[in-house]
Amino acid sequence: MNPVDLEFLLKTCLEKDDVNRFVRTITGNGGIFAPVSIWRPRWKIMAPTFSPRILEQFVEIFAEQSDVLSRRLAAQSDGAPLSAWPLISAYTLDSVCGKYGVALTLMQNAECKT
Numbered sequence: 002m003n004p005v006d007l008e009f010l011l012k013t014c015l016e017k018d019d020v021n022r023f024v025r026t027i028t029g030n031g032g033i034f035a036p037v038s039i040w041r042p043r044w045k046i047m048a049p050t051f052s053p054r055i056l057e058q059f060v061e062i063f064a065e066q067s068d069v070l071s072r073r074l075a076a077q078s079d080g081a082p083l084s085a086w087p088l089i090s091a092y093t094l095d096s097v098c099g100k101y102g103v104a105l106t107l108m109q110n111a112e113c114k115t
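In terms of this note's numbering, the sequence shown opens at residue 2 and continues consecutively.
In structure tokens, the structure reads:
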């Protein structure tokens, strides 16, 4: 097989299925739901950030923030509809900033609506 043809085939067959395209219409082109033309360049830049050595440095803060998140979700477990997006966004910012010594405590803020 011709390497140029193989490269073309692999690059054009990496698009995600209909479920992911549906989710993309709701969440936008962020992260794993972006089309290949968007995520491939970002992946090349971000891949070193997700090495096991780097991620090990976040385990403690992930555990702490996960505990806060689970307490917040448990407090909302009355069966009413829940919008988890604000809490997940707050969790992400609290986790990343907490690793670098910045305590945002967004999930503990009453303004963080669910």
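The beta carbon of each residue, even a glycine, is placed where N, CA and C say it ideally should be. Computed from a predicted model, the values in this text were never measured in an experiment.
Name the residue from Leu105, Gln109, Asn3, Ser96 whose alpha carbon lies nearest to the alpha carbon of Leu56.
Considering only Leu105, Gln109, Asn3, Ser96, the residue with the shortest C-alpha distance to Leu56 is Ser96.
Tell me where the alpha helix (DSSP H) around Thr93 begins and ends.
From DSSP, the alpha helix (DSSP H) with Thr93 extends over 86–100.
By a C-beta neighbour count over all protein chains shown, 10 Å radius and 16 as the cutoff for buried, is Tyr92 buried or exposed?
Residue environment analysis places Tyr92 among the buried positions, since at least 16 neighbouring C-beta atoms fall within 10 angstroms of its C-beta.
Ile62 to Gly99 span [Cα, whole Å]
Approximately 7 Å between the Cα atoms of the pair.
Flag this pair as yes or no: are the beta carbons of Met108 and Leu70 separated by less than 8 Å?
Contact flag set, yes.
Quick one, are the C-beta atoms of Leu74 and Leu88 less than 8 Å apart?
Contact flag set, yes.
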